[in-house]
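Here's the structure we're looking at; comments come further down.
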Amino acid sequence: CTGVKHHHFKGAEVSCCVKYFLFGFNIIFWVTTLLSLSLSPQGVLSNLSSITDLGGFDPVWLFIVVGGVMFILGFAGCIGALRENTFLLKFFSVFLGLIFFLELTAGILAFVFKDWIKDQLNFFINNNVKAYRDDIDLQNLIDFAQEYWSCCGAHGPDDWNLNIYFNCTELNPSRERCGVPFSCCVKDPAEDVINTQCGYDVRLQGLDRQKYIYTKGCVGQFEKWLQDNLIIVAGIFVGIALLQIFGICLAQNLVSDVKAVKANW
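Going from the sequence shown to this note's numbering is simple: count from 1 and add 5.
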């Protein structure tokens, strides 16, 4: 960084490189938080409490609180760097360090309680299956998951017996009886238009399901996807952690420079 340094007193100075690099770092951090809040899937979030075992807690509030904290944190970092305010810089570094610690703790707990997380995923998918026709956002969510991971239900196609429209009971008058949603169907490359009726009657006895639909459950397919992409997933989390550590180091370096300058006044 070239040019005149700020506050030059008896050899102590505030590095303009660190100052404006930290400012730019927080501008990106701030804008990213704003975009994530504005583009959040509010329809899905507002209904998660009904299909997760959280004691009536609505996850949308957690999303709003986390987004608000990140917004304030980015704002504090921007103003702290620009105005060389040690209080805001310390606030930024301490809370960023706390977030890093919480993320590390969450990662350790996720590894230790992976069976509980698997049970929650089962619970989530099965409850989503039950409410498939009740909410368009949740319907789109389960369709996306089944198409992306080439799966059907939590453990297999028969999980769709949990849904009143797809179950195989004789009293079910629905045309979708003993069927599955179109997102369970094996895609035909020759078809340009999605056949939304491709899952009709595929769970009737005597049919070879594997020719028509995915027979693996989404829980198992998700676990397989994590194993296949472990390096990429781990790399993303490590990259985020390194960025947070980098931000803390920049803030602490700037605080030290400001204190050194003030000590020579």
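Glycine residues also receive a C-beta, built at the ideal position from the N, C-alpha and C atoms.
Looking only at its own chain, which residues have a Cβ that is under 7 Å from the Cβ of residue i, when we skip the five neighbours before and after it?
i, result
"residue 179", "170"
"residue 135", "167, 168"
"residue 115", "122"
"residue 165", "134, 158, 171, 185"
"residue 191", "217, 218, 219"
What distance in whole Å lies between the Cβ atoms of residue j and residue i, which are believed to be in contact at a cut-off of 8 Å?
i, j, result
"residue 184", "residue 214", "Rounded, the Cβ-Cβ distance is 11 Å, inconsistent with contact."
"residue 26", "residue 255", "6 Å"
"residue 219", "residue 155", "5 Å"
Starting from the C-beta of residue i, find all residues in its chain whose C-beta is less than 8 Å away, skip the five residues before and the five after it, and write them out in chain order.
i, result
"residue 253", "98, 101, 102, 105"
"residue 83", "28, 31, 32, 35"
"residue 112", "242"
"residue 176", "none"
Between which residues of its own chain and residue i is the CB-CB distance below 6 Å, once the five residues before and five after are set aside?
i, result
"residue 249", "101, 105"
"residue 261", "none"
"residue 205", "184"
"residue 203", "187, 190"
If you compare alpha carbons, which of the options is closest to residue i?
i, options, result
"residue 37", "149, 20, 19, 76", "76"
"residue 89", "259, 265, 181", "259"
"residue 28", "78, 72, 133", "78"
"residue 163", "18, 86, 221, 80", "221"
"residue 158", "244, 203, 188, 245", "188"
"residue 160", "174, 152, 130", "130"
"residue 225", "182, 107, 150", "150"
"residue 153", "81, 229, 244", "229"
"residue 69", "91, 24, 40", "40"
"residue 264", "91, 109, 247", "91"
"residue 108", "71, 80, 125, 132", "71"
"residue 24", "87, 231, 181", "87"
"residue 110", "246, 266, 257, 251", "246"
For chain B, is any of its Cβ atoms less than 8 Å away from the one on residue i?
i, result
"residue 66", "In the structure shown, chain B cannot be found, because there is only a single protein chain."
Please specify which runs of the beta strand (DSSP E), each continuous and at least 3 residues long, are wholly inside the stretch 182–229, giving them in chain order. none
Suppose only complete runs of 4+ residues qualify. What are the alpha helix (DSSP H) ranges in the stretch 117–149, listed by chain order? 119–135
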